[in-house]
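Engineer: One structure, as structure tokens, below. Some questions next.
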Amino acid sequence: MNHIKEERYGMILIRLIETIIIGYIVPSLYFWDAETDATTGQTITHIVDGQQRVNALVDFIEGKFTLLKPSLTQLELSEKFANKRFCQLSDKDRISIWSYNVPVAQLSENEFWSHHNLFNAGDIKRMKDIEFCASLILLARDEIINQTIQKPLNDA
């Protein structure tokens with residue numbers, strides 16, 4: 419990636435974090451259940467749209483980039499957040515980022531999937547699709563987690 423592209427990419431990441439800090443809505447993440455292992459029942463899910471957003475949020479939380487002042491568009495945010503990493507933010511600001519509700523659209527909710535019996539009513543009633551999406555977010559954040567028990571989701 420050349421220098422200009424890197425600079426532009428960095429600006430986009432910072433603007434995404436700025437959007438989250440402000441509390442505005444970011445575009446939904448779209449997931450697709452690709453295949454299920456017949457032996458283990460584990461399903462492989464792909465992020466159809468939103469991989470860069472997930473990675474940007476994780477990278478910021480892990481301290482991989484700074485909110486550079488020239489990339490921030492809101493003056494009041496610029497004064498408060500300029501040139502800071504996640505770990506340098508106040509507890510209140512870090513909590514607001516942790517608790518931000520990233521919109522998620524599970525493509526399996528499409529009528530096509532229910533018509534072909536991919537999810538049954540019991541799965542949806544027990545919120546298995548939501549649990550699955552939450553597990554994916556944890557996988558992106560924490561890498562490998564134990565998905566055979568509920569504890570990682572409860573801890574998060």
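In this text, residue positions in the sequence shown follow my numbering: the first is 419, and each later residue adds one. Ideal Cβ positions, reconstructed from N, Cα and C, are used throughout, including at glycine.
Could you give the DSSP three-state label for GLU480: helix, strand or coil?
Structural biologist: As a position in the sequence shown, residue 480 is number 62, starting the count at 1. Here GLU480 sits in coil by DSSP.
Engineer: List the whole-angstrom C-beta distance separating ILE432 from LEU486, where the pair is believed to meet the contact cut-off of C-beta under 8 Å.
Structural biologist: Along the sequence shown, read from residue 1 onward, the residue named residue 432 stands at position 14. Along the sequence shown, read from residue 1 onward, the residue named residue 486 stands at position 68. That belief holds up - the Cβ atoms of ILE432 and LEU486 are roughly 6 Å apart, short of 8 Å.
Engineer: Using C-beta distances below 7 Å, list every residue in its chain close to TRP450, excluding the 5 sequence neighbours before and after it, in chain order.
Structural biologist: For the purposes of this step, residue 450 is taken as the residue at position 32 of the sequence shown. Contacts found: THR463, HIS464, VAL466, LEU525.
Engineer: Around the Cβ of LEU459, are there at least 16 other Cβ atoms within 10 angstroms (buried) or fewer (exposed)?
Structural biologist: In the sequence shown, counting from the first residue as 1, residue 459 sits at position 41. Residue identity differs from the one stated: residue 459 is Gly in this sequence, not Leu. Result: exposed.
Engineer: Start and end of the beta strand (DSSP E) containing ILE462?
Structural biologist: As a first step, residue 462 is located in the sequence shown; it is residue number 44 there, counting from the start. Taken as a continuous stretch (DSSP letters only), the beta strand (DSSP E) holding ILE462 covers 461 to 467.
Engineer: Per DSSP, what kind of secondary structure is ASP451 in: helix, strand or coil?
Structural biologist: As a working note, residue 451 is residue 33 in the sequence shown. It is a strand residue.
Engineer: Excluding five sequence neighbours on each side, which residues of the same chain lie with their C-beta closer than 7 Å to the C-beta of LEU434?
Structural biologist: Sequence index remark: in the sequence shown, residue 434 carries index 16 (1-based). Once the five neighbours on either side are set aside, the close Cβ partners of LEU434 are VAL444, ARG471, ALA474.
Engineer: On the CB-based measure, 16 or more other CB atoms within 10 Å of its CB, does LEU493 come out buried or exposed?
Structural biologist: As a first step, residue 493 must be located in the sequence shown, where it is residue number 75. Label assigned to LEU493: exposed.
Engineer: Look at GLU436 and LEU495 and say whether their C-beta atoms are less than 8 Å apart.
Structural biologist: Within the sequence shown, numbered from 1, the residue matching residue 436 stands at position 18. Within the sequence shown, numbered from 1, the residue matching residue 495 stands at position 77. Yes, the pair counts as a contact, with Cβ atoms nearer than the cut-off.
Engineer: Short check: CB of GLY428 to CB of LEU447, under 8 Å?
Structural biologist: Sequence index remark: in the sequence shown, residue 428 carries index 10 (1-based). Sequence index remark: in the sequence shown, residue 447 carries index 29 (1-based). Cβ distance not < 8 Å, so GLY428 and LEU447 don't count as in contact.
Engineer: Please state the DSSP three-state secondary structure of VAL472.
Structural biologist: Position 54 of the sequence shown, counting from 1, holds the residue named residue 472. Helix.
Engineer: In terms of residue numbering, what span does the alpha helix (DSSP H) encompassing LYS487 cover?
Structural biologist: To locate residue 487, count along the sequence shown from 1; it is residue 69. Segment: none, LYS487 is in no alpha helix (DSSP H) and carries neither H nor E.
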